[in-house]
Every structure is written in C-alpha cells, then in structure tokens.
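Sequential numbering from 1 applies to the sequence shown in UniProt numbering. Here a beta-carbon is modelled for each residue, glycine too, at the ideal position from N, C-alpha and C. Here's the structure, in structure tokens; my notes come after.
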Amino acid sequence: APFDWHNATVYFVLTDRFENGDPSNDQSYGRHKDGMAEIGTFHGGDLRGLTNKLDYLQQLGVNALWISAPFEQIHGWVGGGTKGDFPHYAYHGYYTQDWTNLDANMGNEADLRTLVDNAHQRGIRILFDVVMNHTGYATLADMQEFQFGALYLSGDEVKKTLGERWSDWKPAIGQTWHSFNDYINFSDKTGWDKWWGKNWIRTDIGDYDNPGFDDLTMSLAFLPDIKTESTTASGLPVFYKNKTDTHAKVIDGFTPRDYLTHWLSQWVRDYGIDGFRVDTAKHVELPAWQQLKTEASAAL
C-alpha cells in the first residue's frame, strides 16, 4: 500500500539515549559526565547511531522515524530536579540555541545526509521534533563563550569561584547544582541586552518584557518565550555576533517567526526532511504553525 501519514508506523527516538555511533562527539562544547547517576547528562547517542539501527527499525515495520530536535542546544547545564541534585543538559533537544546548526553531540552534516538517504532507501521517512515557542536557559558555559549576562563576582573572584572554564563549576558542600544562579546578576540590564535581545524574547531577566499569563505569552518552566507573534523586524539574536559558526544571516524585515520558519524550512530544502512534529503547539499562535507548514511544504 502507498504511504499514508494517517496510517504511518512512527517510532520516536530520543537520539542521545539510543545508539552511540561516534564516541568522538560525546563531550562536545566541554560537556562532561557528572560521575553520579548521569540522569541529565549527554549519553552519546547520535545520528550515526540512528543510521546503524535502520535495519532494526525496518524489521520492526517502522516507516517514519521521529527524532528529537538535532539543532544546536545550549552548551552548558542548569540545575536538575527540584533539589538541584544533578546537572541537566539539553540532551532532549528542547533548549535550542541555534536553528541553523546541528548540535555537535548529534554529529555533522554528512552524518545527517547519510541518515536521511539510508532511511529513504528503506522507505522510512524522517521527522524532526521542532520548538518555536522558547529558547534554552542561560548557562555558565554560554555566558562565558558568547559574552552575555552578568556576574556578582569580579576580578580574581571569577576564576577562583568558577574556574578557568565556568562550565566545570561543581557545587561545594552545602550547595546544589542550582547554586550557580547565586553568582549571576539577573537584573543587570546592559549584560543581558547582549543575550537574545528584547525583539526576540520575553523573560523575567534584565530589562526584557515580562512573560504574560496566557498560553501564548507565558514563560513555560521559566524558559525564555520567543515573540512569535511579533510584527517588528528583529534582526538576529544579539549574541549571534559572538557566535562565529552560525549560518544565520540578517534578512531585512524579518521577525522572529520569519527567521524560525525560514531556518527550519532550510533543513527540508537541504536534506529532504519529510516532516516536523511540533512541540508546545498550544503555546504558539496558529498562524505561526501555518507559516511553517506553508514554507516547509514549498521547500520539499
């Protein structure tokens, strides 16, 4: 029978937790294991691992593979769980930082092309999980690398407290993994203006517009809410000027929604991605999803 989305056998895979095809990318961006239960760390699964498992998936009768968002995530961690008893990285793909890049933990563009081509040869379609509602939390790793935000520490205190590489910080006796927040000055307007910028997000940090109380403008789990409803040309996220590897280019008149739908559709155009599963759907305006569908369908 011809393929029909209404009758597809879809297999969802959290790529990081599935199959490690390339151990050399496991510790990208200075990420590392926590030496404890490894609840919230990257485990090593990647796109090459998915390719290695395609025969297995085909034998199961799978004809659509939905994978966790493979885009570049926040590089660092935040406190995990209510007690902050473990570091929580974006292994799940829900804290996107750059929609134009693959996360290095997932692999490279050749790995993605190999996965898609080999899946298509077996009659398996590839779906990306995508998020347009929010970005990721601010982490010490990204603050240091992309030079945004502000600390309460100054001079020698910074290195003494956070170390050479801030993401290597570990809680001392009496602290939890949430305690890194105590060193961050979240009200410093100048420092936080260098992050996404007010045209892009609403958050309770710095001088940004505060989140609302309805589904569309609220801050979900304290994550920065993207202004997908905005009709104001936004430019690129401010910190991208310190992010030399981004493929994002300024497009005149584009709003955050325009950039997101453009960036996501580019994956369809470049790799033949067959579809998207949209995350946090009720938290984004329907016209934004319609725009994504229209642009991505045209790209296919």
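Inter-residue Cα distance where the pair is residue i and residue j
| i | j | result |
| --- | --- | --- |
| Asp252 | Ala233 | 7 Å |
| Phe213 | Val284 | 14 Å |
| Lys159 | Glu145 | 15 Å |
| His43 | Asp55 | 22 Å |
| Pro171 | Met36 | 13 Å |
| Trp289 | Leu115 | 26 Å |
| Ser179 | Glu229 | 34 Å |
| Gly76 | Arg165 | 11 Å |
| Tyr240 | His247 | 10 Å |
| Gly84 | Trp177 | 5 Å |
| Gly21 | Phe71 | 18 Å |
| Asp34 | Thr41 | 7 Å |
| Leu151 | Lys53 | 45 Å |
| Gly197 | Pro287 | 23 Å |
| Ala221 | Ala1 | 43 Å |
| Ala110 | Leu153 | 42 Å |
| Val62 | Phe3 | 12 Å |
| Tyr183 | Gly149 | 11 Å |
Residue i and residue j closer than 9 Å at C-beta
| i | j | result |
| --- | --- | --- |
| Leu292 | Val130 | yes |
| His88 | Gly80 | yes |
| Gly136 | Ala90 | yes |
| Asp279 | Asn133 | yes |
Counted within 10 angstroms of its Cβ, other Cβ atoms place residue i as buried (16 or more) or exposed
| i | result |
| --- | --- |
| Glu38 | exposed |
| Met143 | buried |
| Trp195 | buried |
| Asp245 | exposed |
| Lys227 | buried |
| Leu112 | buried |
| Ile173 | exposed |
| Tyr206 | The sequence as given places Gly at residue 206; Tyr does not occur at that position. When all chains shown are included, Gly206 counts as buried. |
| Pro256 | buried |
| Phe12 | exposed |
| Ala119 | buried |
| Ala281 | exposed |
Beta-carbon proximity list for residue i, same chain, < 7 Å, skipping 5 on both sides
| i | result |
| --- | --- |
| Arg269 | Ala299 |
| Gly235 | Asn199 and Val250 |
| Asn25 | Asp46, Ala104, Asn105 and Gly107 |
| Thr217 | Arg202, Pro211 and Asp225 |
| Leu140 | Gly76, Leu162, Trp166, Ser167, Trp169 and Phe180 |
Nearest to residue i (by Cα), restricted to the options the options
| i | options | result |
| --- | --- | --- |
| Ile273 | Arg17, Thr96 and Asp117 | Asp117 |
| Gln266 | Phe254, Arg257, Gln290 and Ala296 | Ala296 |
| Trp5 | Leu102, Thr261, Glu157 and Gly123 | Gly123 |
| Phe18 | Ala8, Ala1, Gly30 and Leu50 | Leu50 |
| Tyr271 | Lys282, Thr100, Ala221 and Phe254 | Thr100 |
Sequence-distant residues of the same chain with beta carbon closer than 8 Å to residue i, five excluded per side
| i | result |
| --- | --- |
| Lys243 | Asp98 and Phe146 |
| Leu127 | Val10, Ala64, Leu65, Trp66, Ile67, Ile273, Asp274, Gly275, Phe276 and Arg277 |
Residue i Cβ short of 8 Å to the ligand COA heavy atom set
| i | result |
| --- | --- |
| Gly149 | Here there are no bound small molecules, and the ligand COA is not part of this structure. |
Residues near residue i in its chain [Cβ-Cβ closer than 6 Å; skip 5 each side]
| i | result |
| --- | --- |
| Ser28 | Ala104 and Asn105 |
| Ile125 | A small correction: the amino acid at residue 125 is Arg; Ile does not occupy that position in the sequence shown. These residues qualify, in order along the chain: Ala64 and Asp274. |
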